[in-house]
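Enquirer: Structure below; questions to follow.
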Amino acid sequence: MRYVLDAASMKNVDSYSINTLGIPSVVLMERAALSVTEAIESKVKGNIHTDIICVCGRGNNGADGLAVARQLYLKGYNVDVYIINSHASTKEFDIQLNIIKNLGIECINSPDFSKYGVIVDALFGNGLSRELAGEARIVVDTINKCSTSVRSQYTQNSDNNGNRLVVAVDIPSGISASTGVVMGSAVNADITVTFGFEKIGHILYPAASYCGKIIRKDIGFAQYPDMTRDIFTYDYSDISDMLPLRKPDGNKGTFGKALVIAGSRLYGGAAVLSSRAAARIGAGLVRTLTHISNRTAVITGNMECIVDTYDTDEECGDFVKNTETLVDKCICWADVVCIGPGLSMEESAVKLVRSVSAKKNIKKLYDADALNIIAQYKIELDGSNDDVDYEAGGNSGNASYKDDMSDKNVVVTPHIGEMSRLTGLDIAVIKNNPIDTARTYSREHNCVCVLKDARTIVSDGERVYINMSGNDGMATGGSGDVLSGIITGLMAQGLTTFEASALGVYIHGCAGDEAALSNGKYSMVAGDIIDNIKNVLIKARGE
Ligand SMILES: NC(=O)C1=CN([C@@H]2O[C@H](COP(=O)(O)OP(=O)(O)OC[C@H]3O[C@@H](n4cnc5c(N)ncnc54)[C@H](OP(=O)(O)O)[C@@H]3O)[C@@H](O)[C@H]2O)[C@@H](O)CC1
Ligand SMILES: Nc1ncnc2c1ncn2[C@@H]1O[C@H](COP(=O)(O)OP(=O)(O)O)[C@@H](O)[C@H]1O
Ligand SMILES: [K+]
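Per full-length UniProt numbering, residue 1 is the first one in the sequence shown, and the count goes up by one each step.
As structure tokens, this is what we get:
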């Protein structure tokens, strides 16, 4: 697990290390600069004839830039320095500038950026406080203009050596470390070397596409006792730590019963994808309740699955006969219910959503059309919320579910469009504030919110998981159905709603990455993600 900080928390880490522990600021700065120098040297492969320019602001980010200039100069590189004048200097900046002057490194006034092989961006880092304007903006735009033409050349050339390289110190100048929003304009870097922790501005889009390759270096910061640890992301090693334990003497009941209510007259595939994914992640038993027209498809696509069906009137979309007993029987059987993939918004679907909402003592995941129905008919996510009776029957001995009384019962998995329907917020507002949107929705609706996008956010109202696995090959119909099946299968095995959601999103992305390797991003389809779940789990557990 890696913690992800905002600008304020990073500043607190800085200040705790320097002011409370007494680590001298210039010591940290020297180590920061050494890690940038090392990254540059590994790219230019010892070619000391490379012309390098360090473009510096007057804060500590600029001071880092000056230290990099000095280190490279002392190694024999041709180094120039350019300093903008838009703000006051810090004391560390003055210290570094004094050394630069004593060494005779040239500070130039109007550089021709196109003559340099490496541009070091040290204008603004964690302290960016407003939109870029004036000289700073002109400099950023000029760097971008002269580097993109070179970048397009080396996208066709696997060896970057010899082409212009833009290296951002800590974060590309112009990116807000707290939100990832571009403040007017931002440097488009090939490499970003950051210190101690990743910031939100390295991870969320659009910022992520400005960072290039991110290198995170430990420079000796200490985590202060009250450091916010509520925003984080996972690494591959977290999978095996978090997967539900398989009991050697377990039976299929031990690993949970998952009910998938999905598919409709028109959309049968969604039911197959969700239920197959729930089985492939390890649920003991999977049952699918779907429209009768999907019976053969579900059994063929997932022959281990129990299938129950209902029929609807083609004209009005309602059930042709009373299905209350059947629906009740299926829901009472389950530990977890996933409802929504391909469900349609017909009358029968609305009734199914109402039945799930009203049910007590069960974990629920709402996806796709179930969310659209909830938005349109203003149905409560958990109609039983005020009156939870954990001791009552209905669940099959899934110990951790009953033990964790604080766990929320409900997961919602909207993509941005569905979130807009649920909240009434504009899509652009959600895109620019995914963390706040997900956190606020979970708080207000007492649920775990999985806000799906290229960087999916999972929040339970306090904790925030930001997902970094996955790729654009997953932007293909049915990928979301697979995710809802994975999360459902993990909940069935006893993970809490938040753990199942965060881990499920991560594994889903990793399986998508494996699918892209074997099928290519253009050709991969949602079913390939399911086929690769096993590879992720085997690799993660070293089996
Ligand atoms: N020892 C340490 O502490 C270590 C620090 N480290 C390094 O320090 C960096 C953080 O340094 P920092 O806090 O000094 O902030 P920085 O990013 O340089 O910018 C602040 C200056 O810019 C100004 N300004 C802001 N926005 C502006 C705009 N749009 N247009 C114009 N001006 C603008 C702002 O002005 P103000 O808002 O005060 O008016 C202020 O003067 C961090 O990213 C890392 O690289 C590492 O070396 C590790 C050890
Ligand atoms: N560019 C991308 N990078 C990473 N993951 C992506 C990307 N595009 C889509 N995904 C993932 O694919 C899934 C798509 O879900 P959704 O939009 O609900 O698809 P569908 O409704 O077709 O099943 C989400 O989990 C999303 O996070
Ligand atoms: K920078």
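In this text, a Cβ means the ideal position worked out from N, Cα and C, and glycines have one as well.
For H202, which beta-bridge partners are listed by DSSP?
Expert: By one-based count along the sequence shown, residue 202 stands at place 202. DSSP output for H202 lists no bridge partner at all.
Enquirer: Compute the minimum distance between the beta carbon of F124 and the heavy atoms of ligand 3, and state whether it is under 7 Å.
Expert: Stepping through the sequence shown from its first residue, residue 124 is reached at position 124. Checking the Cβ of F124 against ligand 3 gives yes.
Enquirer: Taking the C-alpha atoms as reference points, what is the distance between D386 and K378?
Expert: For the purposes of this step, residue 386 is taken as residue 386 along the sequence shown, with counting starting at 1. For the purposes of this step, residue 378 is taken as residue 378 along the sequence shown, with counting starting at 1. In this prediction, D386 has a pLDDT of 46, which is less than 50 and means its spatial position is unreliable; what the coordinates show is noted afterwards. Going from the Cα of D386 to the Cα of K378 covers about 17 Å.
Enquirer: Which whole runs of the alpha helix (DSSP H) in the segment 432-490 are 4 residues long or more, in chain order?
Expert: Segments of the alpha helix (DSSP H) lying fully in the segment 432-490: 434-445.
Enquirer: Could you tell me the alpha carbon to alpha carbon distance between A297 and V286, rounded to whole angstroms?
Expert: Within the sequence shown, numbered from 1, the residue matching residue 297 stands at position 297. Within the sequence shown, numbered from 1, the residue matching residue 286 stands at position 286. Distance between the alpha carbons of A297 and V286 is about 15 Å.
Enquirer: To test your reading of the DSSP string, which unbroken beta strand (DSSP E) runs of 3 or more residues are found completely within the segment 236-288?
Expert: Those beta strand (DSSP E) runs which fall completely within the segment 236-288 and span 3+ residues are 257-261.
Enquirer: For ligand 1, I want to know if I191 counts as a neighbour, meaning its beta carbon is within less than 7 Å of at least one of the ligand's heavy atoms.
Expert: Within the sequence shown, residue 191 is the residue found at index 191, counting from 1. Checking the Cβ of I191 against ligand 1 gives no.
Enquirer: Kindly provide the ranges of any alpha helix (DSSP H) runs that are 4 or more residues long and lie completely inside the segment 326-388, ordered along the chain.
Expert: The segment 326-388 contains these whole alpha helix (DSSP H) runs: 347-358 and 368-377.
Enquirer: Pick from A475, D453, F93 and H291: whose alpha carbon is nearest that of I430?
Expert: Position 430 of the sequence shown, counted from the start, is the residue given in the question as residue 430. Of the candidates A475, D453, F93 and H291, the one whose C-alpha sits nearest the C-alpha of I430 is D453.
Enquirer: How about T194 and I214: do their beta carbons lie closer than 8 Å?
Expert: Working through the sequence shown from its first residue, we reach residue 194 at position 194. Working through the sequence shown from its first residue, we reach residue 214 at position 214. Contact: yes.
Enquirer: CB-CB under 7 Å to A370, same chain, minus the five flanking residues each way: which ones, in chain order?
Expert: Numbered from 1 along the sequence shown, position 370 holds the residue referred to as residue 370. Same-chain partners within the cutoff: I339, G340, L343 and V353.
Enquirer: Report the option in L97, G57 and N78 whose CA atom is closest to the CA atom of A88.
Expert: For the purposes of this step, residue 88 is identified with residue 88 of the sequence shown, where counting begins at 1. It is G57 whose Cα lies nearest to the Cα of A88.
Enquirer: Using a threshold of 7 Å, is the CB atom of S81 nearer than that to any non-hydrogen atom of ligand 3?
Expert: Taking the sequence shown and counting its residues from 1, one reaches residue 81 at position 81. Here residue 81 turns out to be Val, not Ser, going by the sequence shown. Not so, every heavy atom of ligand 3 lies at least 7 Å from the Cβ.
Enquirer: Should H445 be counted as a contact of ligand 1 given a C-beta to heavy atom distance under 7 Å?
Expert: On the sequence shown, position 445 is the one that residue 445 refers to. No, ligand 1 has no heavy atom inside 7 Å of this Cβ.
Enquirer: Give the range of the alpha helix (DSSP H) segment to which N102 is assigned.
Expert: Residue numbering aside, residue 102 sits at position 102 when the sequence shown is read from its first letter. Note, N102: alpha helix (DSSP H), K91 to L103.
Enquirer: Would you decide whether D29 is buried or exposed? Buried here means 16 or more other CB atoms lie within 10 Å of its CB.
Expert: Taking the first residue of the sequence shown as position 1, residue 29 is located at position 29. Per the sequence presented here, residue 29 reads as Met, with Asp not at that position. Answer is buried; the Cβ neighbour count reaches 16.
Enquirer: Opposite N78 in the DSSP bridges: which residues?
Expert: By 1-based counting over the sequence shown, the position of residue 78 is 78. According to DSSP, N78 bridges with D51.
Enquirer: Using 7 Å as the cut-off, classify the Cβ of I143 as near or not near the heavy atoms of ligand 3, replying yes or no.
Expert: Taking the first residue of the sequence shown as 1, we reach residue 143 at position 143. No, Cβ of I143 sits at least 7 Å from all heavy atoms of ligand 3.
Enquirer: Where V133 and Y77 are concerned, what is the direct C-alpha to C-alpha distance, given to the nearest angstrom?
Expert: Numbered from its first residue, the sequence shown carries residue 133 at position 133. Numbered from its first residue, the sequence shown carries residue 77 at position 77. The question names Val, yet the displayed sequence has Ala at residue 133. Looking at the two C-alpha atoms, the distance is approximately 32 Å.
Enquirer: Which residue from E514, K521, A540 and L66 puts its Cα closest to that of D531?
Expert: Here residue 531 corresponds to residue number 531 of the sequence shown, with the count starting at 1. Residue E514 is the option with its Cα nearest to D531.
Enquirer: Quick check on DSSP: helix, strand or coil for H291?
Expert: To locate residue 291, count along the sequence shown from 1; it is residue 291. In this structure, H291 counts as strand in the three-state DSSP scheme.
Enquirer: Between the Cα of G250 and the Cα atoms of A262, G284, S240 and I219, which residue gives the shortest distance?
Expert: Locating residue 250 in the sequence shown gives position 250, counting from the first residue. Closest option to G250, Cα to Cα, is G284.
Enquirer: Any chance the CB of N85 is under 7 Å from a heavy atom of ligand 2?
Expert: What you label residue 85 is simply residue 85 of the sequence shown in a count that begins at 1. Outside the cutoff, so no.
Enquirer: Going along the chain, which residues of its own chain have a beta-carbon closer than 6 Å to the beta-carbon of K252, five neighbours each way excluded?
Expert: Locating residue 252 in the sequence shown gives position 252, counting from the first residue. Around K252: G284 and L285.
Enquirer: Between G174, S178, R2 and I191, which has its C-alpha nearest residue 544's C-alpha?
Expert: What is shown of the chain runs 1 to 543, which leaves residue 544 out entirely.
Enquirer: Considering only their Cβ atoms, is the gap separating C449 from A438 smaller than 8 Å?
Expert: Here the question's residue 438 lines up with position 438 in the sequence shown. Here the question's residue 449 lines up with position 449 in the sequence shown. Yes, Cβ-Cβ distance for A438 and C449 is below 8 Å.
Enquirer: Taking the CB atoms as reference points, tell me whether G212 and T192 lie closer together than 8 Å.
Expert: Taking the first residue of the sequence shown as position 1, residue 212 is located at position 212. Taking the first residue of the sequence shown as position 1, residue 192 is located at position 192. It is a contact, given that the beta carbons lie within the stated cut-off.
Enquirer: Please report the residue range of the alpha helix (DSSP H) in which Y506 lies.
Expert: Start at 1 with the first residue of the sequence shown, and residue 506 comes out as number 506. Element bounds for Y506: T497 to N519.
Enquirer: Tell me whether the beta-carbon of I373 lies closer than 8 Å to the beta-carbon of M345.
Expert: The residue labelled residue 373 in the question sits at position 373 within the sequence shown. The residue labelled residue 345 in the question sits at position 345 within the sequence shown. Their beta carbons are under 8 Å apart, which means I373 touches M345 by this criterion.
Enquirer: According to DSSP, is I299 helix, strand or coil?
Expert: By one-based count along the sequence shown, residue 299 stands at place 299. Three-state result, I299: helix.
Enquirer: Any heavy atom of ligand 4 within a distance shorter than 7 Å of the CB on T456?
Expert: Ligand 4 is not part of this structure, which contains only ligand 1, ligand 2 and ligand 3.
Enquirer: How long is the line joining the alpha carbons of L243 and K408, rounded to whole angstroms?
Expert: For this step, residue 243 is matched to residue 243 along the sequence shown. For this step, residue 408 is matched to residue 408 along the sequence shown. When rounded, the distance between both Cα atoms is 19 Å.
Enquirer: According to DSSP, is Y73 helix, strand or coil?
Expert: Reading the sequence shown from its first residue, position 73 is the one you call residue 73. Here Y73 sits in helix by DSSP.
Enquirer: Assign I119 to one of three DSSP states: helix, strand, or coil.
Expert: Here the question's residue 119 lines up with position 119 in the sequence shown. Here I119 sits in strand by DSSP.
Enquirer: Relative to the C-alpha of H49, which residue among K115, I138 and N322 is closest?
Expert: Here the question's residue 49 lines up with position 49 in the sequence shown. Here the closest residue by C-alpha is K115.
Enquirer: Just to confirm, does A358 get its C-beta within under 7 Å of one of the non-hydrogen atoms of ligand 2?
Expert: Against the sequence shown, residue 358 aligns to sequence position 358. Outside the cutoff, so no.
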